[in-house]
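Asks: Residue numbers (this note's numbering): 29 to 452.
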Ligand SMILES: [Zn+2]
Ligand SMILES: [Zn+2]
């Protein structure tokens, strides 16, 4: 039987710059090719490849999976990118935004708008459950439940099979159906993310009710309720949660989440319940310009905005305007990486805005609206596909999780080092 070489280029024992190269000797395929954004430092990339690749399989649009792809589009190379239709549209806004942010911060990405256009022009839309071929590999995408368009790749080579999860979630949310864990056939070798391998998420319903309370309290006392979150998926999830919990007021949406919501509205089949989503988006007002932003910030209102870790975006403006108002509040809807302004806000009560350190006196809350599988979700996937070997990636502590899988669960597992090659 012929062998398949797996070379891990990044995104192992860390979160960020996910990139794995599959090589059959005839066919070379990349599973994601992302970048790692590090607060106040230059972003990190997986190594540039000297040899050509036949294709890139893009699990979803987030930059830690897509942000280096344009770097492959130099020297006249144009490898096709396979992903779901909506992934192309999300990637378009995220990659152009990455260029914009890099310019502001004085970072070099190794690509510009021309390379991004190359990626978009060579995008090949695929569909869940419909196999396609790249060289001697047969590939089928399954819904990963993480964000609209997120995919797990089930790959057949000779008589063996491999599953790459990308980022996944086994629990349904307001916006997304759960990952198609039950539909995936038995798999010989599993490459799984492990972001929350040591965590169980708190019950979502309780998080939603807490959010509603914060928002109602804030408005009652005449303040502005700011909710910060990721542009893709997260803020729409938050809006649907507030409405599902009976919040009746108007919701303002600002930042890149506006564009991403418009994109999501164009793909009814990529969300759990389109009509439920449409009822909510009808009640959202987009903050379209500065004039409107200034008006909205001045009166009691609920504003959903980016960035999720307070690293930039309109949330800085709102904090500048309302940060000292004790009747107002800011709610963070996810984990805050060390070194981010969001983390400083939680730990020190301060945020740097336009080069100025500012004390934030408004109420600060943190809730968990994670779109990643918890430990029990990862275990659910492992028991469903019954792999004989597991490679653990995409987690700060992926090595420890691999050891625990071996010792406690009797599953053969390991977490490779960057640039390690594995033969299966
Ligand atoms: Zn992701
Ligand atoms: Zn990721």
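A virtual CB, placed ideally from N, CA and C, is assigned to each residue, including glycine.
With a threshold of 8 Å on Cβ separation, who are the neighbours of residue 228 within its own chain once the five nearest residues in sequence on each side are excluded?
Replies: Start at 1 with the first residue of the chain shown, and residue 228 comes out as number 200. So the list reads 402, 403, 404, once near-sequence residues are dropped.
Asks: Are the beta-carbon atoms of residue 333 and residue 283 separated by less than 8 Å?
Replies: Translated into the one-based positions of the chain shown, residue 333 becomes position 305. Translated into the one-based positions of the chain shown, residue 283 becomes position 255. Between residue 333 and residue 283, the CB-CB gap stays under 8 Å.
Asks: Around the Cβ of residue 261, are there at least 16 other Cβ atoms within 10 angstroms (buried) or fewer (exposed)?
Replies: Looking up residue 261 in the chain shown gives position 233. That one is buried.
Asks: Which residues bound the alpha helix (DSSP H) around residue 235?
Replies: Counting from one through the chain shown, the residue named residue 235 turns up at place 207. Residues 232-248.
Asks: Should residue 195 and residue 70 be called a contact, given that it needs their Cβ atoms to be closer than 8 Å?
Replies: In the chain shown, residue 195 corresponds to position 167, counting from 1. In the chain shown, residue 70 corresponds to position 42, counting from 1. Their beta carbons are not under 8 Å apart, which means residue 195 does not touch residue 70 by this criterion.
Asks: Pairs of beta-carbons, one from the stretch 237-247 and one from the stretch 170-184, closer than 8 Å: are there three or more?
Replies: no
Asks: Indicate whether residue 159 and residue 112 have their beta-carbon atoms separated by less than 8 Å.
Replies: Here residue 159 corresponds to residue number 131 of the chain shown, with the count starting at 1. Here residue 112 corresponds to residue number 84 of the chain shown, with the count starting at 1. No, Cβ-Cβ distance for residue 159 and residue 112 is not below 8 Å.
Asks: Compute the distance between the beta-carbons of residue 209 and residue 441, then report whether it is under 8 Å.
Replies: In the chain shown, the residue the question calls residue 209 occupies position 181. In the chain shown, the residue the question calls residue 441 occupies position 413. The answer is no: Cβ separation not under 8 Å.
Asks: Of all the beta strand (DSSP E) runs that stay within the bounds of the stretch 40-104, which reach a length of 3 or more residues?
Replies: 47-51, 56-61, 83-85
Asks: Output the distance between the C-alpha atoms of residue 102 and residue 311, rounded to the nearest integer angstrom.
Replies: In the chain shown, residue 102 corresponds to position 74, counting from 1. In the chain shown, residue 311 corresponds to position 283, counting from 1. Distance between residue 102 and residue 311, taken at the CA atoms: about 44 Å.
Asks: Express the C-alpha separation of residue 340 and residue 386 in angstroms, rounding to a whole number.
Replies: Sequence index remark: in the chain shown, residue 386 carries index 358 (1-based). Sequence index remark: in the chain shown, residue 340 carries index 312 (1-based). Computed Cα separation, rounded: 14 Å.
Asks: Does residue 326 pass the burial test, meaning 16 or more other C-beta atoms within 10 Å, or should it be called exposed?
Replies: Position 298 of the chain shown, counted from the first residue, corresponds to residue 326. It is exposed - the Cβ of residue 326 has fewer than 16 other Cβ atoms within 10 Å.
Asks: Classify residue 33 as helix, strand or coil using the three-state DSSP reduction.
Replies: For the purposes of this step, residue 33 is taken as the residue at position 5 of the chain shown. Strand, per DSSP.
Asks: Would you be able to state if there are at least three C-beta pairs under 8 Å between the stretch 298-314 and the stretch 359-369?
Replies: no
Asks: Per the contact definition of three or more C-beta pairs closer than 8 Å, is the stretch 427-437 in contact with the stretch 46-53?
Replies: No contact exists between the stretch 46-53 and the stretch 427-437.
Asks: Verify whether the separation of the beta carbon atoms of residue 212 and residue 170 is less than 8 Å.
Replies: For the purposes of this step, residue 212 is taken as residue 184 along the chain shown, with counting starting at 1. For the purposes of this step, residue 170 is taken as residue 142 along the chain shown, with counting starting at 1. Yes, they are a contact pair.
Asks: What is the DSSP secondary structure of residue 180, reduced to helix, strand or coil?
Replies: For the purposes of this step, residue 180 is identified with residue 152 of the chain shown, where counting begins at 1. Three-state DSSP puts residue 180 in a strand.
Asks: Any contact between the stretch 91-100 and the stretch 133-153? By contact I mean 3 or more CB pairs, one from each, below 8 Å.
Replies: yes
Asks: Check residue 386 in the structure and name its three-state DSSP category.
Replies: Within the chain shown, numbered from 1, the residue matching residue 386 stands at position 358. Reduced to three states, the DSSP call for residue 386 is strand.
Asks: What are the residues that DSSP puts in a beta bridge with residue 360?
Replies: Here residue 360 corresponds to residue number 332 of the chain shown, with the count starting at 1. 256, 394.
Asks: Residues in its own chain within less than 8 Å of residue 454 by CB, not counting five upstream and five downstream?
Replies: It is not possible to answer for residue 454, since the shown part of the chain is limited to 29 through 452.
Asks: Whole angstroms is fine: what's the gap from residue 187's alpha carbon to residue 165's?
Replies: Residue 187 sits at position 159 when you count from the first residue of the chain shown. Residue 165 sits at position 137 when you count from the first residue of the chain shown. Cα to Cα, residue 187 sits roughly 11 Å from residue 165.
Asks: Using the Cβ count rule (16 or more neighbours within 10 Å means buried), how would you classify residue 132?
Replies: Numbered from its first residue, the chain shown carries residue 132 at position 104. The residue is exposed, with fewer than 16 neighbouring Cβ atoms inside 10 Å.
Asks: Any residue with its C-beta under 6 Å from a non-hydrogen atom of ligand 1 counts. Can you list them all in chain order?
Replies: 88, 90, 174, 195
Asks: Just tell me which of 79, 331, 419 has its CA closest to the CA of residue 106.
Replies: Reading the chain shown from its first residue, position 78 is the one you call residue 106. Taking only the C-alpha atoms, the option nearest residue 106 is 79.
Asks: Tell me whether residue 43 counts as near ligand 2, meaning its Cβ is closer than 7 Å to at least one heavy atom of that ligand.
Replies: Taking the first residue of the chain shown as position 1, residue 43 is located at position 15. Yes, the Cβ of residue 43 comes within 7 Å of a heavy atom of ligand 2.
Asks: What would DSSP say about residue 192, mapped onto helix, strand or coil?
Replies: Start at 1 with the first residue of the chain shown, and residue 192 comes out as number 164. Here residue 192 sits in strand by DSSP.
Asks: Consult DSSP for residue 373 and reduce its assignment to one of helix, strand or coil.
Replies: As a first step, residue 373 is located in the chain shown; it is residue number 345 there, counting from the start. Residue 373 falls in the helix class under three-state DSSP.
Asks: Does residue 204 come out as helix, strand or coil in the three-state DSSP assignment?
Replies: Start at 1 with the first residue of the chain shown, and residue 204 comes out as number 176. Three-state DSSP puts residue 204 in coil, outside helix and strand.
Asks: Compare the C-alpha of residue 100 against each of 83, 88, 114 and name the closest.
Replies: Residue numbering aside, residue 100 sits at position 72 when the chain shown is read from its first letter. Ranking 83, 88, 114 by Cα distance to residue 100 puts 83 first.
Asks: Please identify the residue among 381, 278, 178 whose C-alpha is closest to the C-alpha of residue 252.
Replies: Here the question's residue 252 lines up with position 224 in the chain shown. Cα-wise, what sits closest to residue 252 is 278.
Asks: The alpha helix (DSSP H) spanning residue 428 covers which residue range?
Replies: Counting from 1 along the chain shown, the entry for residue 428 is found at position 400. For residue 428, the enclosing alpha helix (DSSP H) starts and ends at 426-437.
Asks: Between residue 34 and residue 51, what straight-line distance do the alpha-carbon atoms span, to the nearest angstrom?
Replies: Numbered from 1 along the chain shown, position 6 holds the residue referred to as residue 34. Numbered from 1 along the chain shown, position 23 holds the residue referred to as residue 51. Roughly 7 Å between the two C-alpha positions.
Asks: With C-beta atoms as the reference, is residue 538 less than 8 Å away from residue 59?
Replies: Since the first and last residues shown for the chain are 29 and 452, residue 538 lies out of range.
Asks: Is residue 92 near ligand 2, judged by its Cβ being under 7 Å from some heavy atom?
Replies: What you label residue 92 is simply residue 64 of the chain shown in a count that begins at 1. Correct: residue 92 has its Cβ closer than 7 Å to ligand 2.
Asks: Closest to residue 444 by CA distance: which of 438, 269, 423, 232 is it?
Replies: Here the question's residue 444 lines up with position 416 in the chain shown. Residue 444 has its Cα closest to that of 423, out of 438, 269, 423, 232.
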